[in-house]
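All remarks here apply to the structure that follows.
There are 2 protein chains.
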Amino acid sequence: MEQSDYLPLQEPTFFILLSLANEPRHGYAILKDVEALSGGKIRLGTGTLYGALNRLLDQGLIQRSPNGVASHPGKPRKAYQLTQTGLRVLQAETSRLNHMLSAARLRLGETHT
Amino acid sequence: MEQSDYLPLQEPTFFILLSLANEPRHGYAILKDVEALSGGKIRLGTGTLYGALNRLLDQGLIQRSPNGVASHPGKPRKAYQLTQTGLRVLQAETSRLNHMLSAARLRLGETHT
DNA sequence: GTCTTATATGTCGTTGGATGACATATTCAG
DNA sequence: CTGAATATGTCATCCAACGACATATAAGAC
Chain A
1 MEQSDYLPLQ EPTFFILLSL ANEPRHGYAI LKDVEALSGG KIRLGTGTLY GALNRLLDQG
61 LIQRSPNGVA SHPGKPRKAY QLTQTGLRVL QAETSRLNHM LSAARLRLGE THT
Chain B
1001 MEQSDYLPLQ EPTFFILLSL ANEPRHGYAI LKDVEALSGG KIRLGTGTLY GALNRLLDQG
1061 LIQRSPNGVA SHPGKPRKAY QLTQTGLRVL QAETSRLNHM LSAARLRLGE THT
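Chains as they are written, first to last, in my numbering: chain A, 1 to 113; chain B, 1001 to 1113.
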């Protein structure tokens, strides 16, 4: 299994992995984080989110992380973290994005950005 | 209809539009151009290509272009070109890609590129 | 002349991730 | 007690991508 077998990532999946890049988070926290991270442009539906989390678990790109014990509203939290594979996939996807932008600059004639 | 209604673009669609950014091309030429443009990494299947071309026609992102009269092997060529809408969508997608990379740099801690 | 290769367009069934609607549970503030 | 924010989850549907297959033509090799 190479990381390229998981590419390309779709937008929601990309942001979910990115949200977990530095620290473990539970689902709802990912939801809010992605919204902030994208400047409010991306609002994950819960169907998209929890579907993706289960798929990513199956694929081994994320894994369960010990839940904090703090009291909080709502159903019990489930925290997740990136696996090494997940990180590699995220980096590979970032690289792919860079290649696409290089190609776009060539054809659309932008100097940089 | 805003250009954002067509986003995000999938990889094949993005490269097809990009291939038409500067000059009209027929399907098979797009196939070869995308392969070159991506450094050989992306090889469109014909199902993907012709399916996408018809969809993009429906959506008004591309339009038929007068066919050259040159003799050539194979079935008669059908040339396509970007519409103004198509160009705007392509630019919007490029912008979206840039935002994603900005977010990735923040979280993955890359200095640039 | 025929065979192969490159060119060229097309159809079709399947898959897989995204999406929106809906359901459920808990804590806290007013 | 009621509503809002928090929190997880299911389900049916949609749609672009994908791979396999089909068809046609021109040119060059032999």
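We treat Cβ as the ideally placed atom computed from N, Cα and C, and that holds for glycine.
Check: DSSP three-state call for A/L82: helix, strand or coil?; Outcome: strand
Check: With respect to the alpha helix (DSSP H) encompassing A/R55, which residues constitute its N-terminal and C-terminal limits?; Outcome: T46 to Q59
Check: Please state whether DSSP places A/R43 in a helix, a strand or coil.; Outcome: coil
Check: I'd like to confirm the pairing. Which residues does DSSP put opposite B/I1030 in its beta bridges?; Outcome: Bridge partners of B/I1030: none, in fact.
Check: I'd like to know if B/Q1114 contacts chain A, where contact means its C-beta is closer than 9 Å to some C-beta of that chain.; Outcome: This structure gives no information on residue 1114 of chain B, because the portion of chain B shown stretches from 1001 to 1113.
Check: Between B/R1055 and B/Y1080, is the Cβ-Cβ spacing less than 9 Å?; Outcome: no
Check: Please confirm whether B/T1094 has its beta-carbon closer than 9 Å to some beta-carbon of chain A.; Outcome: yes
Check: Does the region 87-96 of chain A touch the region 1-9 of chain A, meaning 3 or more C-beta pairs lie closer than 8 Å?; Outcome: yes
Check: Beta-carbon of B/Q1081 versus every beta-carbon of chain A: anything under 9 Å?; Outcome: no
Check: If the cut is a Cβ gap below 8 Å, which residues of chain B does A/L101 touch?; Outcome: T1094, L1097, N1098 and L1101
Check: Could you please give me the residues that DSSP links to B/Q1063 through a beta bridge?; Outcome: B/Q1081
Check: CA-CA distance, A/R25 and A/S19?; Outcome: 8 Å
Check: Between B/L1031 and B/L1044, how many whole angstroms is the CB-CB distance? I'm expecting something under 8 Å.; Outcome: 5 Å
Check: The alpha helix (DSSP H) spanning B/L1009 covers which residue range?; Outcome: Run containing B/L1009: none; DSSP gives neither H nor E here.
Check: Would A/L108 and B/L1061 qualify as a contact pair, given that the criterion is a beta-carbon distance under 9 Å?; Outcome: no
Check: Which residues of the region 1030-1049 of chain B have a Cβ closer than 7 Å to any Cβ of chain A? Give them in chain order.; Outcome: L1037 and S1038
Check: What does the alpha-carbon distance come out to for the pair A/T113 and B/L1101?; Outcome: Note that A/T113 scores a pLDDT of 49, beneath 50, so its modelled location is shaky; the value from the coordinates is reported in the next line. Cα-Cα distance, rounded: 11 Å.
Check: Between B/L1090 and chain A, is any beta-carbon pair separated by less than 9 Å?; Outcome: yes
Check: Looking at chain A, is there any beta carbon in it that lies within less than 9 Å of the beta carbon of B/L1056?; Outcome: no
Check: Taking C-alpha atoms, which residue in B/D1005, B/E1002, B/S1004 and B/F1015 lies nearest to B/L1082?; Outcome: B/F1015
Check: Which partner residues of B/R1025 appear in the DSSP bridge assignment?; Outcome: B/Y1080
Check: Give me, in chain order, the residues of the same chain whose beta-carbon lies closer than 6 Å to that of B/D1033; leave out the 5 immediate sequence neighbours on both sides.; Outcome: S1019
Check: Give the single residue among A/Y28, A/D5, A/A52 and A/E35 whose Cα lies nearest to the Cα of A/K75.; Outcome: A/Y28
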